[in-house]
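In our numbering, the protein residues as written are 29 to 324.
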């Protein structure tokens, strides 16, 4: 008897399974990431099912009428080449059909596939790895003096100050997502403030599940006025962790590669940011780490 195919919203108890699929694909998902995706757009994370048993997933997050993002696009290996992925994909495009611009991160071998659907390559996103805090240089790479700045825990700066800082550096405001992301119980947040309490950078580090099922850590987002301030944040977030630490950064930031390689990070892979529609203006020279590739 032929199994019935359907696409429906993900349920809470299915999040661990989808997180594990992401791990097997090498995405290194953060703890509770998928829950945040689901909460960012309550209608935007879907599973494909056979007889109501999930066999695939996709996130199609609508930030506003101008911008949406597709990610977490997975079909379990044993169910591939049956057209289920195309049906999931069409569902996502239909959901985002009235959005001016849709973004995604593409693996190198998928560029031509997405180009056939009208997506155009914009930039490269590099994934960097640090094998524990002991690989950081003992002394700061940048020798600047910071009498007017200090690093504080995320709960020592107002959410409003962080949101204002983020809004000025992101192509589309994301207050709902950012509030959930920074206040999530998994991981830590640090911020750079001046003597007046104004924000000059912030970042989050969270535990993630590596492909070999070991625990690692991911930094993101990471924003700062200057490379020296970004270094202060990285050192504070890494602390004394003795595990693999990952960070995803766009090559549109002209300072990031030099900073990260100087701090002992190693580039291990790359994806390509692609857009369909009216691409938002996105100055990236103060963005040193993306929150997550699945939500842009």
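Glycine residues also receive a C-beta, built at the ideal position from the N, C-alpha and C atoms.
- Contact between residue 181 and residue 221 is ruled out by a C-beta separation of about 11 Å, above the 8 Å threshold.
- Counting every other CB atom within 10 Å of its CB across the protein chains shown gives residue 148 a total below 16, marking it as exposed.
- Between the alpha carbons of residue 37 and residue 67 lies a gap of roughly 12 Å.
- Boundaries of the alpha helix (DSSP H) around residue 121: 112-123.
- Sorting 98, 60, 115 by C-alpha distance to the C-alpha of residue 77 places 115 at the top.
- With a cut-off of 8 Å on Cβ pairs, the segment 147-163 is in contact with the segment 295-315, counting three or more such pairs.
- Counting C-beta atoms within 10 angstroms of its own C-beta, residue 192 has fewer than 16 neighbours from the protein chains shown and is therefore classed as exposed.
- For residue 260, the three-state secondary structure derived from DSSP is helix.
- In this structure, the CA atom of residue 113 is about 9 Å from the CA atom of residue 85.
- 8 Å or more divides the Cβ of residue 306 from the Cβ of residue 195.
- Residue state for residue 205 is assigned as helix, using DSSP reduced to three classes.
- Between the beta-carbon of residue 189 and that of residue 249 there is about 15 Å, and that puts the pair past the 8 Å contact cut.
- Residue pairing from DSSP places residue 236 in a beta bridge opposite 58, 244.
- Look at residue 107 here: in three-state DSSP terms it is helix.
- Assigned with DSSP and collapsed to three states, residue 182 falls in helix.
- A residue is called buried once 16 or more other Cβ atoms fall within 10 Å of its Cβ, and residue 246 is buried on that count.
- One thing to note: residue 322 has its Cβ no nearer than 8 Å to the Cβ of residue 287.
- Exclusion of the five residues before and after residue 279 leaves 151, 152, 153, 154, 285 as the residues of its chain whose Cβ lies within less than 8 Å of its Cβ.
- CA-CA distance, residue 73 to residue 275, rounds to 24 Å.
- In this structure, residue 272 lies near residue 159, with their beta-carbon atoms less than 8 Å apart.
- For residue 124, the CB contacts under 8 Å within the same chain, skipping 5 residues up- and downstream, are 88, 90, 96, 98, 130 in chain order.
- Under the three-state reduction of DSSP, residue 162 is assigned to helix.
- In the same chain as residue 290, and ignoring 5 residues on each side of it, the C-beta atoms closer than 6 Å to its own belong to 169, in chain order.
- Residues of the same chain with a CB within less than 8 Å of the CB of residue 47, apart from the 5 flanking positions on each side, are 57, 61, 62, 237 in chain order.
- Residue 106 and residue 213 have their C-alpha atoms roughly 35 Å apart.
- Residue nearest to residue 79 within the set 35, 187, 266 is 35 (criterion: CA-CA distance).
- Under the three-state reduction of DSSP output, residue 136 falls in the helix class.
- Of the residues assessed, residue 209 falls on the buried side of the cut-off, its CB having 16 or more other CB atoms within 10 angstroms.
- Of 31, 229, 139, 308, the smallest CA-CA separation from residue 93 is found for 308.
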